[in-house]
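K.L.:
Following this message is one structure expressed as structure tokens.
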Amino acid sequence: MSHFDAIVIGGGLAGLAACVLLEEQNLSACLIEARGDLGGRVRSFTDPDGGFAGDAGPSWVWPGYQPTVARWLKRLDLPIFEQYTQGSGLLDYGPQREVEARMLPHQAGSYRLEGGTARLVAAMADQLSRTQVILNTPVTSSAVDGNGVTVTTSDSTHDAPRVLVAMPPRLAARLRWTPALPAALKQDLTSVPTWMASQAKVVLRYDRPFWRDKGLSGRVLSQAGPCGEIHDLCDPGSKQGILFGFLNWPVEMRQLRADALKHAVLDQLTRCFGPKAEAVRGLEIFDWAQEPFTTDALDLEGPFRHPDPPPRRLQNVQCDGRVMFACAECSSQSPGLIDGALDAAEQAVARLLAHRL
Ligand SMILES: Cc1cc2nc3c(=O)[nH]c(=O)nc-3n(C[C@H](O)[C@H](O)[C@H](O)COP(=O)(O)OP(=O)(O)OC[C@H]3O[C@@H](n4cnc5c(N)ncnc54)[C@H](O)[C@@H]3O)c2cc1C
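In terms of UniProt numbering, the sequence shown has 228 at position 228, counting the first letter as 1, and numbering is strictly consecutive.
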């Protein structure tokens with residue numbers, strides 16, 4: 001048994017931000033994370049030299065429209081740059097028809113972090129000095145009574161007056177709760193899809209961004225796939241060329257035909273950008289549908305649209321003031337987004353601490 005002012009379940013951006021905010025109030029937290037590293041849906045690949053080699057999770061922030069993300073970027077002193085969109089985009093109709101160069105709808109306001117989105121995770125983790133971080137430890141149950149909350153994992157038990165549940169709501173609903181969560185609350189948690197949970201990204205690395213030489217932005221919209229969209233993902237700190245695509249093959253097909261998928265991606269890239277696209281230095285696919293600490297079975301059923309603002313109940317303090325849900329999907333400001341994760345953490349910490357026990 002160990003005692004903290006709060007337990008935070010989930011070490012994604014929301015959980016990390018919550019710990020930073022709790023420390024700011026001189027409170028101690030125990031952060032319990034199921035995976036072997038922090039960041040959750042934020043994940044970057046590194047090249048053999050340890051440099052940035054693409055984001056497997058989020059790539060963009062929109063600080064002009066997202067005040068919370070803008071504030072955290074400033075607070076953490078993280079440099080950003082505008083998404084590269086110079087030149088023509090391409091429309092790809094598949095092997096039967098020539099690709100068409102076009103000016104595509106602009107992406108004004110889309111920014112990226114220098115060195116990749118994972119820098120946000122590293123910068124937040126650096127701010128923690130009092131938080132005890134426990135990795136590789138999925139929480140299985142949570143019991144609430146008049147004395148506080150007891151959170152249990154496969155091999156440990158942790159006590160605190162309050163718990164902040166910073167994991168996707170559908171996964172939170174599947175924890176063993178004692179007493180059982182009220183039916184309406186469980187239904188609300190289950191109703192909230194996890195943004196991008198069923199998606200997969202492919203990241204391709206080249207010696208240099210050769211498409212830029214031909215006046216191409218690197219952006220492709222495709223009806224044929226396997227990448228429904230492709231974007232330039234180069235980092236200002238490196239000379240190498242990086243592209244990423246959102247894969248539009250169905251989940252089962254991605255698994256059953258993994259090798260064929262890689263070939264199909266290279267065929268598509270060559271169709272769009274010419275033979276230089278074959279000289280790929282690295283091709284990585286990250287499939288979020290296979291990630292049990294992100295994706296619930298319900299997330300694979302669709303619909304696959306951007307989350308609506310969450311049910312209001314999820315923004316209230318639960319279980320006599322001892323439990324607060326705080327994941328990006330719990331934010332009404334930017335549900336499902338990085339900005340939402342930070343906003344959810346801010347709201348959750350403020351409401352939890354305002355509630356007198
Ligand atoms: C492919 C992709 C592209 C995206 N693109 C963008 C983008 O461009 N811009 C943008 O703003 N957003 C984007 N997003 C969304 C963004 O990644 C999320 O909004 C944000 O990372 C969510 O952070 P979070 O902390 O709320 O949740 P998560 O990152 O999901 O963190 C939850 C944490 O809880 C942990 N956990 C789960 N179960 C347990 C358990 N039982 N016990 C302990 N820990 C547990 C998980 O391992 C995880 O670390 C994208 C997401 C993906 C997957």
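Note that beta-carbon positions come from the ideal geometry of N, C-alpha and C, so glycine has one too.
By the three-class DSSP mapping on this structure, what secondary structure does residue 211 have?
P.N.:
If DSSP states are grouped into helix, strand and coil, residue 211 belongs with the helices.
K.L.:
With 16 as the cutoff for other CB atoms within 10 Å, does residue 24 come out buried or exposed?
P.N.:
When all chains shown are included, residue 24 counts as exposed.
K.L.:
Kindly indicate which three-state DSSP category residue 341 falls into: helix, strand or coil?
P.N.:
Three-state result, residue 341: helix.
K.L.:
Report the option in 209, 246, 232 whose CA atom is closest to the CA atom of residue 223.
P.N.:
Residue 246 is the option with its Cα nearest to residue 223.
K.L.:
For a test of the three-state rule: what should DSSP assign to residue 347, helix, strand or coil?
P.N.:
In this structure, residue 347 counts as helix in the three-state DSSP scheme.
K.L.:
Sort out for me which residues DSSP pairs residue 143 with in a bridge.
P.N.:
Partner(s): 150, 178.
K.L.:
Grab me the residues of residue 204's own chain with a C-beta within less than 6 angstroms of its C-beta, minus the 5 sequence neighbours each way, in chain order.
P.N.:
So the list reads 243, 280, 283, once near-sequence residues are dropped.
K.L.:
Buried or exposed for residue 326, please, with buried defined as at least 16 other CB atoms from any protein chain shown within 10 angstroms of its CB.
P.N.:
The residue in question, residue 326, is buried, as its Cβ has 16 or more Cβ neighbours within 10 Å.
K.L.:
So, with DSSP's three-state summary, where would you put residue 19?
P.N.:
Three-state DSSP puts residue 19 in a helix.
K.L.:
Exposed or buried, residue 180, counting other C-beta atoms within 10 Å across all chains shown (16 or more means buried)?
P.N.:
When all chains shown are included, residue 180 counts as exposed.
K.L.:
I think residue 193 touches residue 307, with their Cβ atoms under 8 angstroms apart; what is that distance to the nearest whole Å?
P.N.:
Residue 193 to residue 307, Cβ: 6 angstroms. Contact.
K.L.:
Using CA atoms only, rank isn't needed, just tell me which of 13, 353, 256, 30 is closest to residue 3.
P.N.:
If we check each option's Cα against that of residue 3, 30 comes out closest.
K.L.:
Identify, in the order they occur along the chain, each residue of the same chain with its Cβ nearer than 6 angstroms to the Cβ of residue 314, setting aside the five sequence neighbours on each side.
P.N.:
Counting only Cβ-Cβ distances below 6 angstroms, and skipping sequence neighbours, we find 188, 325, 330.
K.L.:
Examine ligand 1 and report whether any of its heavy atoms sits within less than 7 angstroms of the Cβ of residue 235.
P.N.:
No; taking the cut-off as 7 angstroms, the Cβ of residue 235 has no heavy atom of ligand 1 nearer than that.
K.L.:
When the Cβ atoms of the segment 232-239 are set against those of the segment 165-172, are three or more pairs found closer than 8 angstroms?
P.N.:
Counting Cβ pairs under 8 angstroms, fewer than three are found: no touch.
K.L.:
So is residue 154 buried or exposed if we call it buried at 16+ other beta carbons inside 10 Å?
P.N.:
With fewer than 16 Cβ atoms within 10 Å of its Cβ, residue 154 is classed as exposed.
K.L.:
If I follow the unbroken alpha helix (DSSP H) through residue 217, where does it start and stop?
P.N.:
No alpha helix (DSSP H) holds residue 217; the beta strand (DSSP E) holding it covers 216-222.
K.L.:
Looking at ligand 1, does it come within less than 7 angstroms of residue 285, judged from the CB to the closest heavy atom?
P.N.:
False, no ligand heavy atom lies under 7 angstroms from that Cβ.
K.L.:
Please report the distance separating the alpha-carbon of residue 22 from that of residue 161.
P.N.:
Using only the alpha carbons, I get a separation of about 13 angstroms.
K.L.:
Tell me which residues share the same chain as residue 321 and place their Cβ nearer than 6 angstroms to its Cβ, disregarding the 5 neighbours each side in the sequence.
P.N.:
The residues are 355, 357.
K.L.:
In this structure, what does DSSP give as the bridge partners for residue 273?
P.N.:
Answer is none; residue 273 lacks a bridge partner.
K.L.:
Using a Cβ-Cβ cut-off of 6 angstroms (strictly less than) and excluding sequence neighbours within five positions of residue 116, which residues of its own chain qualify?
P.N.:
Result list for residue 116: 44, 52, 55, in chain order.
K.L.:
Please go through the same chain and pick out, in chain order, the residues whose beta-carbon is closer than 7 angstroms to the beta-carbon of residue 206, but skip the five residues on each side of it.
P.N.:
Answer for residue 206: 240, 241, 279, 280, 281, listed in chain order.
K.L.:
Excluding five sequence neighbours on each side, which residues of the same chain lie with their C-beta closer than 6 angstroms to the C-beta of residue 362?
P.N.:
Any answer about residue 362 is impossible in this case: the structure gives the chain only from 1 up to 357.
K.L.:
Roughly how many angstroms separate the alpha carbons of residue 71 and residue 263, rounded to a whole number?
P.N.:
Taking the straight line from one Cα to the other gives about 42 angstroms.
K.L.:
Going by C-alpha distance, which of 85, 131, 99, 63 is nearest residue 7?
P.N.:
Out of 85, 131, 99, 63, 131 has the C-alpha closest to the C-alpha of residue 7.
K.L.:
Distance, Cα to Cα, residue 173 vs residue 90?
P.N.:
For residue 173 and residue 90, the distance between alpha carbons rounds to 43 angstroms.
K.L.:
Are the CB atoms of residue 251 and residue 227 within a distance shorter than 8 angstroms?
P.N.:
Against a cut-off of 8 angstroms, the Cβ pair of residue 251 and residue 227 comes out as no contact.
K.L.:
Helix, strand or coil for residue 356 per DSSP?
P.N.:
Here residue 356 sits in coil by DSSP.
K.L.:
Let me know the secondary structure DSSP gives residue 128 once reduced to three states.
P.N.:
Coil.
K.L.:
Spatial neighbours of residue 269 within its chain, please: CB distance less than 6 angstroms, with the 5 preceding and 5 following residues excluded, ordered by chain position.
P.N.:
Excluding residues within five positions, the ones whose Cβ falls inside 6 angstroms are 277.
K.L.:
May I ask whether a heavy atom of ligand 2 can be found less than 7 angstroms away from the beta carbon of residue 33?
P.N.:
Absence of ligand 2 from the depicted structure is noted, with ligand 1 being the only ligands included.
K.L.:
According to DSSP, is residue 106 helix, strand or coil?
P.N.:
Correct three-state label for residue 106: coil.
K.L.:
Within the segment 36-79, note down every full beta strand (DSSP E) run reaching 3 residues or more, in order along the chain.
P.N.:
Counting whole runs of 3 or more residues, the segment 36-79 contains the beta strand (DSSP E) stretches 44-46, 52-55.
K.L.:
Residue 346 to residue 292, Cα distance in whole Å?
P.N.:
Roughly 26 angstroms between the two C-alpha positions.
K.L.:
Contact defined as beta carbons within less than 8 angstroms: I believe residue 76 pairs with residue 123. What is the distance between those atoms, to the nearest angstrom?
P.N.:
The Cβ separation is near 4 angstroms, so the contact holds.
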